[in-house]
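Residue numbers (the working numbering): 1 to 217.
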C-alpha cells in the first residue's frame, strides 16, 4: 500500500505519503490564497523525500471538507485527476475527522474550523476516532450550549475563545493524520466513501438577481 493523501479544505495545503504502516513523507504550508499554486509542488516534494515515483501510489485519499468552495475543489479535482491517471481508487475522508484523529484529548471534544462569515464548521467527537454529531456550520454563539465545557481543536476554536475557552492544537489539518486515519480504516476493512465535497452551504459567488441572458438574434 502507498497512499497519497492531500487536503485543501482549510488554509493548510497539506500532502503526505503513507505506506500502510507509517507516514513516509509529508509537507504542509498555510496559505489560504495559494492552494492551486502550492499543491502540486508539495506532491513532488513528498515523492522526492520518499524517493518514490508517482506510479508507486496505490490509492489517493482526499479531505472532503467541510470547507470553502474554492479551496476545497482544488484538492478534490487534483485527487480525481491522480486517481484517473494512475488507475487507482480515490477515497474521501472528512477533514474534521482528520483533525480529531490528530488531537491529543481524552474524552469528548469538539473540532471547529473557520467557515468565514463569522461561522465555524464543527463536529463533536467521543474520542479521536469516534464522531458524535456533525459536521455542521453555525455561528459560535448559536452552539455555545452544545459545546459548553468541552475542549476544542482547530483554527475555528482559536478564533472564538468566548465559545471555545479550552482551545487546543492542532490548529490546521495535516495530510499525515488524514493518511494515517484512512490507512487504519482500510486495514480493518472499512469502505471509505467516494470523494464528494462537504460544502454545507452555497458558494460565495452567486448569479446576480434579475440577470438577463443575452442571445444573438
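Note that beta-carbon positions come from the ideal geometry of N, C-alpha and C, so glycine has one too.
With a 10 Å radius around the Cβ and a threshold of 16 neighbouring Cβ atoms, residue 39 comes out buried.
Per DSSP, residue 24 has no beta bridge partner at all. Residue 35 sits in a helix when the DSSP states are folded into three classes.
Taken through DSSP and simplified to helix, strand or coil, residue 10 comes out as coil.
In the three-state scheme derived from DSSP, where H, G and I count as helix and E and B as strand, residue 119 is classed as strand. For the beta strand (DSSP E) assignment, the segment 134-205 encloses no uninterrupted run of at least 3 residues. Residue 83 carries a helical assignment under DSSP once its states are collapsed to helix, strand and coil. The Cβ neighbour count for residue 119, taken over all protein chains shown within 10 Å, is at least 16; the residue is labelled buried. Counting along the chain, no beta strand (DSSP E) covers residue 67, and no H or E run does either.
Residue range 95-101 is occupied by the alpha helix (DSSP H) that includes residue 97. Only residues of its own chain outside the window of five on either side were considered, and among them 124, 125, 126, 127, 132 and 150 have a CB closer than 8 Å to the CB of residue 108, listed in chain order. A direct Cα-Cα distance of roughly 24 Å separates residue 195 from residue 170.
Distances from the CA of residue 197 to each of 153, 2, 175 and 95 were compared; the closest alpha carbon is that of 95.
In this structure, the beta-carbon distance from residue 31 to residue 174 does not fall below 9 Å.
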